[in-house]
Amino acid sequence: MAASTEIERERDYVHGLYSRLDTLRDDAREQLRGVQGGSVGGTHQARTERDAFARLYEDRIAQLGEVEDRLAFGRLDLLGGVHRYIGRIGLRDADLQPILLDWRVPQASAFYQATAATPLGARARRHLTTEGRNVVRIEDEVFDSALLTDDTTELQGEGALLAALRAERTGRMTDIVATIQSEQDRIIRSEIAGVLVVQGGPGTGKTAVALHRAAYLLYSHRDRLRSSGVLIVGPSPSFLQYIEAVLPSLGETGVVLASVGELYPGVETTLEDAPEAAALKGRAEMAELIGRAVRSRQVVPTEPQVLDVNGEKITLEPSVVQNALQAAQRTRKPHNVARQQFQKSVLGTLTSQLAAQLRSHGSTIDDADIGWLREDVRGAEDVRVALNTAWLPLTPEKLIQDLYARPNWLANLTPSWTQAERDLLRRDRDAPFTVSDVPLLDEAAELLGEFDAVNASEKREAKAQFKRDVKNAEQAIKNMGVEGLVNAEDLAANFTETAARGTTAERAAADREWTYGHIVVDEAQELSPMQWRLLRRRCPLRSFTIVGDVAQASAAAAAPDWTTALQSLTTEFRLEELTVNYRTPAQITDAAETMALAHGLAVTKSRAVRDSEWPVDEVVVPDQVLLAAVVDVVDEDRELDDRGTLAVIAPARLVDAQYDELAARFGASVGRAARGLTRAIAVLTPQEAKGLEFDAVVIVEPNEIIASSSRGVGALYVAMTRPTQRLHLVGTSPLT
């Protein structure tokens, strides 16, 4: 059959899929209008049912809109002449017959895993390339030789993949679901339980695996993850902006995306400490320091204290404080929560003393008066001061700020530290928090507990109310006859009058105590022991997908291997390795690996599947013309191909000046940091470039990047492996 005829046939089929998609969207809009316009009774139950189902229809409309681009991307030809089309979501026709398989269902796995040696029941695999709603190209991989005819060419299986890799980058990660290869697919579909570590060099598809695994788990384990959600952690806001469109395009929105500077609600920071300070703050022993700091705020006075309560003098003995303090500590509750027990005990003793003293003065005190006396004691200024001196309520922010700003206190808490180590933490109380402070704040919050007892009580009541709402939702589902189509917890979450309205992801992101069903960590080699402790608290089930490459570690607190890196998280993990480099041309891979090995950096060797027509370009210029020379190199590269994206990666000290030079030449086409990812030319530091990819990369002063820190070689290795086509090195001396 002629290729053009086949394209027309596929074009007609895909048009039919889009027609069905349009029908489903129209139906959902009509259902939404019916819910919004229908009359409801005056009961709370009726109103919440209406609002909740309206929200569900809105979400369905949004989901159907997200899959508009590349709705279908493949076809499996099976034994018996059966065709299965593979796409972003599953679709059925009006008779409920399947016309498009969701890529995550088991029946679709052969699309990724079948080979000529192991066809898994497939005779052929077809890749569909679309522009808008039209099929513009097809590629076939034939596993059954009986299908071959004189006008059929057997392909080797990499045509579609290489076409995707050679396509220009747009500043957002291209969804490669149609080209996931067998080793990646096996990892994506592995069991959810336990800790899975995916190790791979640059360009091996680690991020693609991480994101598609998140989507797959949300689909395959929806009962477990619907109410708990999935957390995806990336190294920077730039990285998150880069990938944020991928999961919605796969039909999943139940995830929280966070950089390591956003893992503590209320703090969003990209500020980095100096490498020595970051390394110190990342050490596991910081948890012990914070624990000592909290305990040091629980103090027994050395002398009896005479307290004034409405003119009456009563004495608070140290033994009373000590007994109350020990009793509260035995509860093993967080500091602020246990303080309530401490206060209750001391107040009880002081109230009894006051009652006895008043009786000795001739006053008549009966049981009904004890409550009033207790309030008098509680409200007395001297009593409040004594209680706070012995056991001060604290916020995590104040504890960490005081730790940094009070050198004498820090010295008392760290007798084995050197003064140089203490000086690394010294800063003013009003200094902004850094990325390395985030896990310390979270550690403090865990040890301190809720500062506001009233707020804590409200949270407990909200959780109890949510459980009641779930029961009401189950009954509402039965009343409306939609069993199996709507989840009771989703419905309860949308009750506008009794629970916070929002998706699982929105509620999870705002709640520090939220525990996720699964956590995905990208560029995980960068995390410190304290950051791993934070993530362990977020997922007590220890269900993790961890992807990275220890050779690319550039953070000061990073570990040399996975066993060391994960000591704060787990001692047991499954290790999978990605070995095929799909992104980086062989010339660039060889240059980056040669540089790394020459400087003693052990790299994860990978096999590049393609070459580039452009060799690695190195330009050496005098210092006074360095910035201008970079502009010239960028100009020359844009003349070669101006359709894709280009990154200029420079040491931090040069970034602003280099941006100004480029902006003067290219205007609005140039962007800085995260903003640059939506522009043709992005100016970034090596840290900001982690996890990203561009058509071309210009590295400024590579030798300075190497010398910038103990991890400088890793930083340059990362920068050199960002391009998919062309790499330029511009410096004042040859790369050593």
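Here the numbering used here is used: the first residue of the sequence shown is 1072, the next is one more, and so on. All C-beta atoms in this analysis are idealised placements derived from N, C-alpha and C, irrespective of residue type, glycine included. Remember, predicted model here, so these are calculated numbers, not experimental data.
query, result
"Where T1569 falls: helix, strand or coil (DSSP)", "A caution first: T1569 carries a pLDDT of 41, below 50, which makes its placement in the model unreliable, though a value can still be read off. Correct three-state label for T1569: coil."
"Closest residue to E1647 among S1261, R1159, G1105, Q1270 (Cα-Cα distance)", "Q1270"
"Inter-stretch contact at 8 Å, needing at least 3 Cβ pairs: the stretch 1501-1512 / the stretch 1349-1364", "yes"
"At least 3 beta-carbon pairs within less than 8 Å: the stretch 1681-1688 vs the stretch 1742-1750", "no"
"S1639 and W1603 closer than 8 Å at C-beta", "yes"
"Residues sharing a beta bridge with E1492, DSSP", "DSSP, once it has assigned bridges, lists no residue as partnering E1492."
"Per-residue DSSP class, three states only, for H1283", "helix"
"Simplified DSSP assignment, three categories, for I1160", "coil"
"Inter-residue CB distance, L1378 and A1427 (contact presumed, cutoff 8 Å)", "L1378 to A1427, Cβ: 15 Å. No contact."
"Extent of the continuous alpha helix (DSSP H) to which P1600 belongs", "1600-1609"
"For E1262 and N1216, the rounded distance between their alpha carbons", "Note that residue 1216 is Ser in the sequence shown, not Asn. Approximately 34 Å between the Cα atoms of the pair."
"Cutoff 7 Å; reference E1333; Cβ partners in own chain excluding five residues on either side", "E1339"
"R1194, DSSP secondary structure in three states", "strand"
"Option nearest R1141 by Cα separation, candidates L1088, L1191, T1094", "L1088"
"Contact check, A1723 vs V1768, beta carbons under 8 Å", "no"
"As assigned by DSSP and simplified to three states, the class of H1799", "strand"
"Residue span of the beta strand (DSSP E) that contains G1145, given as start and end", "1143-1149"
"Beta-carbon spacing of H1799, D1731 below 8 Å", "no"
"Three-way DSSP call (helix, strand, coil) for S1804 in this model", "coil"
"Segment limits, beta strand (DSSP E) that includes T1386", "1383-1387"
"Residue nearest to Q1729 in terms of C-alpha spacing, selected from K1277, F1504, V1704, R1578", "V1704"
"Alpha carbon of G1382 to alpha carbon of V1371, nearest angstrom", "25 Å"
"Option nearest P1600 by Cα separation, candidates R1583, P1631, H1589, R1578", "P1631"
"Residue burial classification, K1676 (beta-carbon count within 10 angstroms, cutoff 16)", "exposed"
"A1778 - containing alpha helix (DSSP H), residue span", "1773-1778"
"Residue from V1206, G1145, I1385 with nearest C-alpha to D1453", "I1385"
"Segment limits, alpha helix (DSSP H) that includes E1514", "1509-1519"
"Q1312, buried or exposed, once every other Cβ within 10 Å from all chains shown has been counted against 16", "buried"
"Pair within 8 Å by beta-carbon distance, W1462 and L1418", "no"
"C-beta contact flag for A1302 and I1590 at 8 Å", "It should be pointed out that residue 1302 corresponds to Leu in this sequence rather than to Ala. Yes. Within cutoff."
"Alpha carbon of Q1184 to alpha carbon of A1626, nearest angstrom", "36 Å"
"Cβ contact check for the stretch 1171-1182 and the stretch 1287-1295: 3 or more pairs under 8 Å", "yes"
"Same chain, Cβ closer than 7 Å to D1221, neighbours up to 5 away in sequence not counted", "Because the pLDDT at D1221 is just 39, under 50, the model does not fix this residue reliably, and the value given afterwards should be weighed accordingly. Closer than 7 Å at Cβ, skipping near neighbours: no residue."
"Terminal residues of the alpha helix (DSSP H) in which P1467 lies", "1467-1476"
"Proximity below 8 Å, CB of P1336 to CB of R1609", "no"
"N1652 burial status per 10 Å Cβ neighbour count (16 or more: buried)", "buried"
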